[in-house]
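Enquirer: A single structure is presented below for examination.
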Amino acid sequence: MVINLNHLYDVKAPAKINIFLHVIGRRLDGYHMLQTVFRLIDLHDNLSFNLRNDGTISFEMTSNNIPNEYNLVIKAAKLLKMHVKSNKGAHIFLEKNIPIGGGLGGGSSNAASTLIALNKLWSAGLNRQELMKLASCLGADVPFFIFGDNAFASGIGNILHRIDLPLKYYLIMQPGISINTKDIFSDSILKRDTRRVTMCQFMDSPSYLFGKNDLEDVVFVRYPDICNTVVFFKQHGFAFKMSGSGSCFFIEYDNISQSILALNKIGNIINKVCGSFRPAKFFFTGSYVGLDEHPLKYWVTK
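The numbering of the sequence shown is full-length UniProt numbering, which starts it at 1 and goes up by one.
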């Protein structure tokens, strides 16, 4: 990462996975009550920021898949600019690596890193709590990426408690589709009555085998190809678990050697399959280590 008075280069926006995700209720305003563990991983987007003294916010990225009205980077920049009443601007470049609509939090992470970076570039001086409050205007997951650590989350995902997680590696499987989070949460078949768990219960067994992802059943009904693929790999000894509202799935391993061996074994299995299963629709983004903290954690004061 390169920093000077006018530029911030190679600013990381890491992905997250949900070790489990339980839907325990629904508020009157329509928001769902959740319990989950957010874990940061070293799959990340990269952002660069160049100071503009004309007050303009400009943006470009490596692909054109995000319309401006849905672009959380632009929304975050404009929100911060308005909040601190800055006369400064920035040109922002986004190198996209995290799958869009994959349940890995890429858009939320981009927004959070934008708030953190522009807070520094513009010398706005907001502390962590102030940035998290601002981030909540952009989406339920955005404050987590400013929080700085892995977290046990409750409420609508906004009540965060720091959690220490063991070193693990994650093999990520991505179907070639993007899933809309709102569609999954609004589906009538979603069960919203999972029993509450405690952070202590999770810490007794801090593994991806703890709990479940309540959104999986909805995704499996809406996307039979995804269901068939997950069942197929489970029959071959690979118990994938969905992150967020999908479409990405993951398996946890204790070390990099295990994850590489698994990836090679999966490749051999795919090469041998035939019939109705079409592996070309799915690919593996790689194996990623779980992070202990956000790479920009110390850019923000407490």
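Glycine included, every Cβ here is placed at the ideal spot set by N, Cα and C.
Less than 8 angstroms between the CB atoms is what I'm expecting for L80 and N119, so what's the real figure, rounded?
Expert: 7 angstroms
Enquirer: Does the beta-carbon of Q201 have 16 or more other beta-carbons within 10 angstroms, so that it is buried, or is it exposed?
Expert: Using a 10 angstroms sphere on the CB of Q201, the tally of other CB atoms stays under 16, which defines it as exposed.
Enquirer: Span of the alpha helix (DSSP H) holding P143?
Expert: According to the DSSP assignment, P143 belongs to the alpha helix (DSSP H) that extends over 142-147.
Enquirer: Between I98 and D45, which are expected to be in contact by the criterion C-beta below 8 angstroms, what is the C-beta distance as a whole number of angstroms?
Expert: 5 angstroms
Enquirer: Pick helix, strand or coil for residue 351, following the three-state DSSP scheme.
Expert: Here the chain comprises residues numbered 1 to 302, so residue 351 is not present and cannot be evaluated.
Enquirer: Label H32 either buried or exposed according to how many other C-beta atoms from any shown protein chain fall within 10 Å of its C-beta, with 16 as the threshold for buried.
Expert: buried
Enquirer: Measuring only from the beta carbon, is S247 closer than 7 angstroms to any heavy atom that is part of the ligand SAM?
Expert: For the ligand SAM, the structure offers nothing, since it holds no ligand at all.
Enquirer: Whole angstroms is fine: what's the gap from S205's alpha carbon to R52's?
Expert: 49 angstroms
Enquirer: Which parts of the segment 165-253 are runs of the alpha helix (DSSP H), unbroken and 4 residues or longer, counting only runs that do not cross its ends?
Expert: Given a length threshold of 4 residues, each whole run of the alpha helix (DSSP H) inside the segment 165-253 is given here in chain order: 181-185, 199-203, 216-222, 224-235.
Enquirer: So, under 8 angstroms CB-CB, I260 and H236 are touching, yes? Tell me the CB distance rounded to an integer number of Å.
Expert: About 17 angstroms separates the two Cβ atoms, so there is no contact after all.
Enquirer: Just how far apart, CA to CA, sit K96 and P175?
Expert: 17 angstroms
Enquirer: If K191 sits next to N213, beta carbons under 8 angstroms apart, how far is it from one beta carbon to the other, in whole angstroms?
Expert: In fact, because the Cβ distance is near 12 angstroms, the residues do not count as touching under 8 angstroms.
Enquirer: From what residue to what residue does the beta strand (DSSP E) around A153 run?
Expert: 151-154
Enquirer: From what residue to what residue does the alpha helix (DSSP H) around E130 run?
Expert: 128-135
Enquirer: Along the beta strand (DSSP E) that carries I159, what are the first and last residues, could you check?
Expert: It spans 159-162 - the beta strand (DSSP E) in which I159 sits, taken as one unbroken run.
Enquirer: Using a Cβ-Cβ cut-off of 8 angstroms (strictly less than) and excluding sequence neighbours within five positions of S123, which residues of its own chain qualify?
Expert: none
Enquirer: What is the rounded straight-line gap between the Cα of I256 and the Cα of A262?
Expert: 10 angstroms
Enquirer: Can you give me the C-alpha to C-alpha distance between G89 and F59, rounded to a whole angstrom?
Expert: 11 angstroms
Enquirer: Please go through the same chain and pick out, in chain order, the residues whose beta-carbon is closer than 8 angstroms to the beta-carbon of T301, but skip the five residues on each side of it.
Expert: N127, R128
Enquirer: With DSSP as the reference, please indicate the residues paired to P14 in a beta bridge.
Expert: H44
Enquirer: When the Cβ atoms of the segment 27-43 are set against those of the segment 7-19, are three or more pairs found closer than 8 angstroms?
Expert: yes
Enquirer: Roughly how many whole angstroms lie between the Cα atoms of K85 and G148?
Expert: 26 angstroms
Enquirer: For L165, tell me which candidate among F220, G290, N158, G139 has the shortest Cα-Cα distance.
Expert: G290
Enquirer: I'd like to check one pair, M199 with F152: are the Cβ atoms closer than 8 angstroms?
Expert: yes
Enquirer: Using the C-alpha atoms, what's the distance from S247 back to F210?
Expert: 20 angstroms
Enquirer: Pick helix, strand or coil for A280, following the three-state DSSP scheme.
Expert: In this prediction, A280 scores a pLDDT of 45, lower than 50, which makes its location untrustworthy; the coordinate-derived value is nonetheless stated afterwards. Of the three classes helix, strand and coil, the one that applies to A280 here is helix, per DSSP.
Enquirer: Could you name the residues of the same chain whose beta carbon sits closer than 8 angstroms to that of L43, not counting the 5 residues immediately before and after it, in chain order?
Expert: If we look at L43 and ignore the five residues flanking it on each side, its Cβ neighbours are P14, A15, N97, I98, L104, I172, T285, G286, Y288.
Enquirer: Hey, could you find the ends of the alpha helix (DSSP H) S113 is sitting in?
Expert: In the DSSP assignment, S113 falls within the unbroken alpha helix (DSSP H) covering 106-121.
Enquirer: For chain D, is any of its Cβ atoms less than 8 angstroms away from the one on S259?
Expert: In the structure shown, chain D does not exist; there is a single protein chain.
Enquirer: Please report how far the alpha carbon of D10 lies from the alpha carbon of L215, in whole angstroms.
Expert: 34 angstroms
Enquirer: Beta-carbon within less than 7 angstroms of R27's beta-carbon, same chain only, minus the 5 sequence neighbours each way: which residues are those?
Expert: M33
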